[in-house]
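Count along the sequence shown starting at 1, add 982, and that's the number in my numbering. Every residue gets a Cβ at the ideal spot worked out from N, C-alpha and C, and that includes glycine. Quick caveat, the model's predicted, so the values are computed rather than measured. Everything below concerns the one structure shown next.
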Amino acid sequence: MPRFKLSKEKKILLIFVGAALLGFFIRTGFAKHFIKESGDIRLYADWAEKIWAFGARTFYIYPQWYYAPPNYPPLLSLIYAGAYWLWDHKYALAQLHNLIKIPPAIFIIYFYEHGLFFLLKLPGILADLALGFLAFELTRKITGNIKRAFAAGVFYLFNPVSIFLSGVWGQTDSLVSLFGLLSFVTLWAGKAWLSLPFLLLSFYIKPNWGIFIPLYLFLLILKKPKIKQVLLGLLLSFVLFWATTQPFVKEGNVFSFSRWLWRERLLPTATVAQKASVSAFNLHTILLTMDKSADSTPYLGIPAKYVGYIAFLLINIITFGYIKRQKLSLSSVLVGIFSIGFGSYLFLTNMLERYFFQSFVPMIVLMFSSPSLLIYGILLNIAVFVNVFYAFLRRSRGWLADAFGANNFALVRLFSTVNLVSWALFVKNIYKSRFIDNKLSK
């Protein structure tokens, strides 16, 4: 009888699947913890419950909320509503257990006590697994080296940044980035009909990828997709938009409701702070004071917010030139997302600690594709983890706030400098070297 033997590549893939499962269990292990510290997850639980109590058509216009009114797009509200519905029907698990003894009683007890927070965190956790596979696949496409691809995927799956954001904090930045990154990758691959719906899904969870609209339009012009692909993509996007918005419309139509939602709920939330930096370790926390200095504070007579706009414009111009010189290679698209995404986090005002995340997976793919970038990527990884750790716990751990606030916020300024210098050296080394994608020049 012939022996069953796996190829080396299949063994690596099998090990990676096992690593992804381990990453899943590590994240879900945190699901019941840090609930008191995470005001966000309690807020999401309140929204998830009230969407059923008030009804979807009243959800966004209801005037009195215990924490805050809903200020996320409809798709994320539907995801949270689905989480609450599943938890509210938890009795089905007990009925199933009585019939076939599955799931085990220990899980049912856990689910009754912690199931809602588990389900609210689950979309971000599952997106983390998908991003781990995406980091693996993109690195393999660029390098043709499955060992580097494995290292990149595992680095993401067991990264304290991704574990902390989805498993501990319960944020959905990974879900937003999954659809956003897929949108750019499918556009590069010549599938505009698929790219546009992915972009809509990303925007309709959280509009964090809005900073990439100029880059997306630039790539769309370079790719020159067939008009029927664009029309199909727009049609699919409209169907998704209508299906996820219509349940919330009480008066008017999806367009009038969307205008009201963006004007009254989404945009005010994004600009209400009017701070140079809300909680991001960036240029403004080197020169000014985090969560105190206004975005109108001048640098040599120029308000901080306009310094950010100028930097954003220059980064886009330089990035567009690089992508064109690289003939729209896959690596150049990832360089664009990293340069603009992390650059926005460093220079734009009103930034939160999580707003680097759009560029996180591209950074990992690039640093494992080119070893010369590894040290700068690791330094960035350390600095942004310190940023999210501090931002999450500073209000509940007085010792942490005291340590970072000591000596005129010396630690904040130190890690902000590490962020800025490491990003600059990362980008400089990319532009000096030349990525040659493995058998890929689309």
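- request: Put Y1281 into one of helix, strand or coil per three-state DSSP.
  value: Along the sequence shown, one-based indexing puts residue 1281 at 299. Note: Y1281 maps to strand in three-state DSSP.
message: With the cut-off set at 8 angstroms, would you say F1100 and A1030 are in Cβ contact?
response: The count along the sequence shown starts at 1 and reaches residue 1100 at position 118. The count along the sequence shown starts at 1 and reaches residue 1030 at position 48. No.
- request: Using the Cα positions of G1425 and K1232, report the straight-line distance between them to the nearest angstrom.
  value: Residue 1425 cannot be examined here, being either before or after the span of the chain that is shown, 983 to 1424.
- prompt: For the candidate residues P1285, N1401, P1105, whose alpha-carbon lies nearest to that of F1263?
  reply: Within the sequence shown, residue 1263 is the residue found at index 281, counting from 1. The shortest C-alpha to C-alpha distance from F1263 to any of P1285, N1401, P1105 is the one to N1401.
task: Closer than 6 angstroms by C-beta to A1133: which residues in its own chain qualify, once you throw out the five before and the five after it? Chain order, please.
output: Position 151 of the sequence shown, counting from 1, holds the residue named residue 1133. Contacts found: F1350.
task: Would you please state the rounded distance, in angstroms, between the beta carbons of A1255 and T1279? I believe it to be under 8 angstroms.
output: Locating residue 1255 in the sequence shown gives position 273, where the first residue counts as 1. Locating residue 1279 in the sequence shown gives position 297, where the first residue counts as 1. Not a contact, Cβ separation roughly 13 angstroms.
Outcome for A1117 when other beta-carbon atoms lying within 10 angstroms are tallied against a minimum of 16: As a working note, residue 1117 is residue 135 in the sequence shown. When all chains shown are included, A1117 counts as buried.
- prompt: So which of E1335, F1180, D1277 has the shortest CA-CA distance to L1217?
  reply: One-based indexing of the sequence shown puts residue 1217 at position 235. Here the closest residue by C-alpha is F1180.
- prompt: What is the rounded straight-line gap between the Cα of F1408 and the Cα of I1084?
  reply: One-based indexing of the sequence shown puts residue 1408 at position 426. One-based indexing of the sequence shown puts residue 1084 at position 102. One Cα belongs to F1408, the other to I1084, and the distance between them is close to 50 angstroms.
message: Just to confirm, is the Cβ distance from F1137 to I1346 under 8 angstroms?
response: Position 155 of the sequence shown holds residue 1137. Position 364 of the sequence shown holds residue 1346. Contact flag set, yes.
query: From A1406 to A1001, what does the alpha carbon distance come to, in whole angstroms?
result: Within the sequence shown, numbered from 1, the residue matching residue 1406 stands at position 424. Within the sequence shown, numbered from 1, the residue matching residue 1001 stands at position 19. Distance between the alpha carbons of A1406 and A1001: 32 angstroms.
message: Assuming Y1094 is part of the alpha helix (DSSP H), what are its boundary residues?
response: The residue given as residue 1094 occupies position 112 in the sequence shown. First-last of the alpha helix (DSSP H) with Y1094: 1087 to 1125.
field: Other residues of its chain near V1394: CB distance less than 7 angstroms, five sequence neighbours each side excluded
entry: On the sequence shown, position 412 is the one that residue 1394 refers to. For V1394, where only same-chain residues beyond five positions count, the Cβ hits under 7 angstroms are F1263, T1267, M1272, F1386.
message: By the three-class DSSP mapping on this structure, what secondary structure does L1422 have?
response: Against the sequence shown, residue 1422 aligns to sequence position 440. Residue confidence is low: L1422 scores 40 on pLDDT, short of 50, so the model does not pin down where it sits. No coordinate-derived value is stated.
query: Quick one: what does DSSP say A1030 is sitting in, helix, strand or coil?
result: Taking the sequence shown and counting its residues from 1, the one referred to as residue 1030 is at position 48. DSSP places A1030 in helix when its eight states are reduced to three.
- request: Please state whether DSSP places K1306 in a helix, a strand or coil.
  value: Residue numbering aside, residue 1306 sits at position 324 when the sequence shown is read from its first letter. In the structure shown, K1306 sits in a helix (DSSP, three-state: H, G or I).
- request: Can you tell me which of K1205, S1326, L996, F1302 puts its alpha carbon nearest to the alpha carbon of I1292?
  value: Here residue 1292 refers to the residue found at position 310 of the sequence shown. Minimum Cα distance to I1292 is reached at S1326.
- request: Report the residue ranges of all beta strand (DSSP E) runs contained in full by the segment 1167 to 1203; include only those spanning at least 3 residues, in chain order.
  value: none
- request: List the whole-angstrom C-beta distance separating D1028 from Y1054, where the pair is believed to meet the contact cut-off of C-beta under 8 angstroms.
  value: By one-based count along the sequence shown, residue 1028 stands at place 46. By one-based count along the sequence shown, residue 1054 stands at place 72. Actually they do not touch by this definition, with Cβ atoms about 13 angstroms apart.
Alpha carbon of L1058 to alpha carbon of R1009, nearest angstrom: Along the sequence shown, one-based indexing puts residue 1058 at 76. Along the sequence shown, one-based indexing puts residue 1009 at 27. Between the alpha carbons of L1058 and R1009 lies a gap of roughly 20 angstroms.
message: Would the segment 1357 to 1376 count as touching the segment 1334 to 1343 if we require 3 or more Cβ pairs under 8 angstroms?
response: Touching, yes, given that three or more Cβ pairs across the two stretches are closer than 8 angstroms.
- prompt: Going by other Cβ atoms of all chains shown within 10 Å of its Cβ, with 16 needed for buried, is F1007 buried or exposed?
  reply: Mapped onto the sequence shown, residue 1007 falls at position 25. Classification for F1007: exposed.
- prompt: Tell me which same chain residues have a C-beta within less than 6 angstroms of the C-beta of G1162, skipping the five on either side of it?
  reply: Taking the first residue of the sequence shown as 1, we reach residue 1162 at position 180. So the list reads S1184, W1191, once near-sequence residues are dropped.
- prompt: Expressed to the nearest angstrom, what Euclidean distance is found between the alpha-carbon atoms of L1169 and I1357?
  reply: For the purposes of this step, residue 1169 is taken as the residue at position 187 of the sequence shown. For the purposes of this step, residue 1357 is taken as the residue at position 375 of the sequence shown. Each residue's Cα considered, the two are about 30 angstroms apart.
message: Going by C-alpha to C-alpha distance, which of L1330, F1294, R1245, I1305 sits closest to V1260?
response: Walking along the sequence shown from the start, residue 1260 turns up at place 278. Taking the Cα of V1260 as reference, the smallest distance to any Cα among L1330, F1294, R1245, I1305 is reached at L1330.
field: Where Y1073 falls, given that 16 or more other Cβ within 10 Å makes a residue buried
entry: Within the sequence shown, residue 1073 is the residue found at index 91, counting from 1. Y1073 comes out exposed.
- prompt: What residues in its chain sit with their C-beta under 8 angstroms from that of I994, if we drop five residues either side in the sequence?
  reply: Counting from one through the sequence shown, the residue named residue 994 turns up at place 12. So the qualifying residues of the chain are I1128, K1129, F1132.
- request: Tell me where the alpha helix (DSSP H) around W1242 begins and ends.
  value: Reading the sequence shown from its first residue, position 260 is the one you call residue 1242. Unbroken alpha helix (DSSP H) run through W1242: 1236 to 1243.
query: Would you report the Cα separation of L1176 and R1379, rounded to the nearest angstrom?
result: Residue numbering aside, residue 1176 sits at position 194 when the sequence shown is read from its first letter. Residue numbering aside, residue 1379 sits at position 397 when the sequence shown is read from its first letter. If I take the Cα positions, the gap works out to 45 angstroms.
- request: For E991, count neighbouring Cβ atoms within 10 angstroms of its own Cβ and tell me buried if that reaches 16, exposed if not.
  value: Here residue 991 refers to the residue found at position 9 when the sequence shown is read from its first residue. When all chains shown are included, E991 counts as exposed.
message: Residues in the same chain with beta-carbon distance under 7 angstroms from I1427, minus the five sequence neighbours each way, listed in chain order, please.
response: Given that the chain is displayed from residue 983 to residue 1424, the structure contains no residue 1427 and the question cannot be resolved.
message: Quick check: the Cα distance between A1373 and K1032, rounded to an integer number of angstroms?
response: Position 391 of the sequence shown, counted from the start, is the residue given in the question as residue 1373. Position 50 of the sequence shown, counted from the start, is the residue given in the question as residue 1032. Each residue's Cα considered, the two are about 28 angstroms apart.
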